[in-house]
Amino acid sequence: MVRKYCVQCKEYSYSAASDREWICPICGYDLTGEQILNIREESDKDDLGESRKD
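For the sequence shown, this note's numbering gives the first residue as 1, with consecutive numbering after it.
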């Protein structure tokens, strides 16, 4: 399983298949061309190097 970060709604989207069209289930933004991020334990910083806000 992998995830992508939606720059439109600022949420993560998760999928088991990364080789298909990927539409954000929250806002409908097309994430197909966005960077694939690994799923791992949460830390103080997310995969994009930004401080977590939640």
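Even for Gly, the Cβ is constructed at its ideal location relative to N, Cα and C.
Starting from residue i, trace the beta strand (DSSP E) both ways and give me its first and last residue.
i	result
R2	Looking at the sequence provided, one finds Val at residue 2 rather than Arg. Residues V2 to Y5.
Y12	Y12 to S15
Under the three-state reduction of DSSP, which class applies to residue i: helix, strand or coil?
i	result
I23	strand
L31	coil
D44	Any reading at D44 is ruled out, since the residue's pLDDT is 37, under 50, leaving its predicted position unreliable.
Around the Cβ of residue i, are there at least 16 other Cβ atoms within 10 angstroms (buried) or fewer (exposed)?
i	result
Y5	buried
C27	exposed
Please report the Cβ distance between residue i and residue j, rounded to the nearest whole angstrom; I am assuming they are in contact, meaning their Cβ atoms lie under 8 Å.
i	j	result
S13	R3	6 Å
Hey, does residue i have any beta-carbon neighbour from chain B nearer than 9 Å?
i	result
C24	Structure shown: chain B not included; a single protein chain is present.
Do the CB positions of residue i and residue j come within less than 9 Å of each other?
i	j	result
T32	I23	yes
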